[in-house]
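In what follows, a single structure is set out as structure tokens and then discussed.
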Amino acid sequence: DTGVSQDPRHKITKRGQNVTFRCDPISEHNRLYWYRQTLGQGPEFLTYFQNEAQLEKSRLLSDRFSAERPKGSFSTLEIQRTEQGDSAMYLCASSRRNDLGELFFGEGSRLTVL
Amino acid sequence: GQQVMQIPQYQHVQEGEDFTTYCNSSTTLSNIQWYKQRPGGHPVFLIQLVKSGEVKKQKRLTFQFGEAKKNSSLHITATQTTDVGTYFCIYAGGTSYGKLTFGQGTILTVHP
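Residue numbers (this note's numbering), protein chains in the order written: chain A, 145 to 258; chain B, 156 to 267.
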């Protein structure tokens with residue numbers, strides 16, 4: 145399967161702990177996006193990369209969130225000092241084109257903060 | 156700032172009835188994409204519209220982009236139970252212009 149893969153698929157953690165999610169995009173896809181989706185809501189934009197450059201970050205993200213894509217391939221999203229409000233599905237998507245092409249989504253990483 | 160409203164929020168139809176969802180923007184859009192998310196699933200790409208007045212069809216689905224590129228619609232003819240899910244428009248914006256933002260979504264339920 146050469147689709148977008150995300151790991152882990154599920155994460156349960158205690159409030160205050162740090163968590164990290166990994167996304168492996170489709171090979172050779174230049175753009176990589178992170179979204180957060182809570183139950184019954186649409187995905188909210190968090191950040192996106194073009195190759196290794198992080199081009200935009202949502203104001204929704206506090207300083208506890210950080211994302212990297214060091215070699216322009218896989219990406220990580222880290223949440224420090226998790227809060228219950230961070231519980232959500234974290235979706236990663238990649239795109240082949242630099243001019244706003246189709247997004248291919250992974251299955252998501254579901255975070256539950258107790 | 157850019158405002159895109161997607162309506163309706165919910166739509167309940169009987170199988171065989173038609174369904175339409177709309178995305179309306181306060182500013183001109185460069186392009187618009189439509190996605191479907193099944194319950195428990197992830198968004199899946201349906202179509203991208205780029206040109207003013209563009210109309211595209213996929214079997215029972217018809218997508219339109221307004222002449223002013225400020226609104227778009229997705230119309231499903233003769234809904235089936237397999238059409239159940241949430242339909243989102245996605246539009247570009249942001250300071251870097253690569254930010255892709257979801258509309259609020261329309262949740263479609265189809266009663267057999």
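Note that the Cβ used here is the ideal one computed from N, Cα and C, for glycine as well.
Beta-carbon separation (whole angstroms), residue i vs residue j, contact threshold 8 Å
i, j, result
"Gln-228/A", "Arg-159/A", "6 Å"
"Lys-155/A", "Val-163/A", "6 Å"
"Gln-192/B", "Thr-241/B", "5 Å"
Continuous beta strand (DSSP E) stretch holding residue i: start and end
i, result
"Ser-239/A", "232-239"
"Glu-188/A", "188-194"
"Asn-179/B", "174-180"
"Gln-192/B", "187-192"
"Gly-147/A", "Element bounds for Gly-147/A: n/a, residue is neither H nor E."
"Ser-219/A", "219-223"
Cutoff 8 Å; reference residue i; Cβ partners in own chain excluding five residues on either side
i, result
"Arg-241/A", "Asn-174 and Arg-175"
"Gly-196/B", "Gly-240"
Minimum Cβ-Cβ distance from residue i to chain A less than 8 Å
i, result
"Val-220/B", "Note on identity: in this sequence residue 220/B is Phe, with Val being the wrong assignment. No, no contact with chain A."
"Pro-198/B", "yes"
"Leu-184/B", "no"
"Phe-243/B", "yes"
"Gln-213/B", "no"
"Ile-203/B", "The displayed chain sequence assigns Gln, not Ile, to residue 203/B. It does; some Cβ of chain A falls within 8 Å."
Simplified DSSP assignment, three categories, for residue i
i, result
"Gly-208/B", "coil"
"Gly-258/B", "coil"
"Gln-161/B", "strand"
"Gln-228/A", "helix"
"Thr-234/B", "coil"
"Gln-130/B", "Absent from the model: residue 130/B. The displayed extent of chain B is 156 to 267, so no value can be given."
"Gly-221/B", "coil"
"Asp-207/A", "coil"
"Leu-183/A", "coil"
"Ile-170/A", "coil"
"Lys-158/A", "coil"
"Thr-183/B", "coil"
"Leu-201/B", "strand"
"Ser-253/A", "strand"
Same chain, Cβ closer than 6 Å to residue i, neighbours up to 5 away in sequence not counted
i, result
"Leu-184/B", "Lys-224 and Tyr-246"
"Tyr-177/A", "Tyr-192 and Ala-237"
"Gly-208/B", "Glu-222"
"Asp-168/A", "Ser-149 and Phe-218"
"Gln-259/B", "Gln-161"
Closer than 8 Å to chain B by CB, residue i
i, result
"Gly-216/A", "no"
"Gly-147/A", "no"
"Glu-212/A", "no"
"Tyr-234/A", "no"
Within-8 Å CB hit, residue i to chain C
i, result
"Thr-256/B", "No chain C is present in this structure, whose protein chains are A and B."
Cβ shell of residue i (< 7 Å), same chain only, five flanking positions each side left out
i, result
"Glu-246/A", "Ser-239"
"Ile-231/B", "Asp-173, Phe-174, Arg-215, Leu-216 and Asp-238"
"Phe-189/A", "Tyr-179 and Ser-202"
"Glu-170/B", "Thr-234, Gln-235, Thr-236, Val-265, His-266 and Pro-267"
Near the ligand NAP: residue i beta-carbon under 7 Å from a heavy atom
i, result
"Phe-220/B", "As for the ligand NAP, it is missing from this structure, which has no ligand bound."
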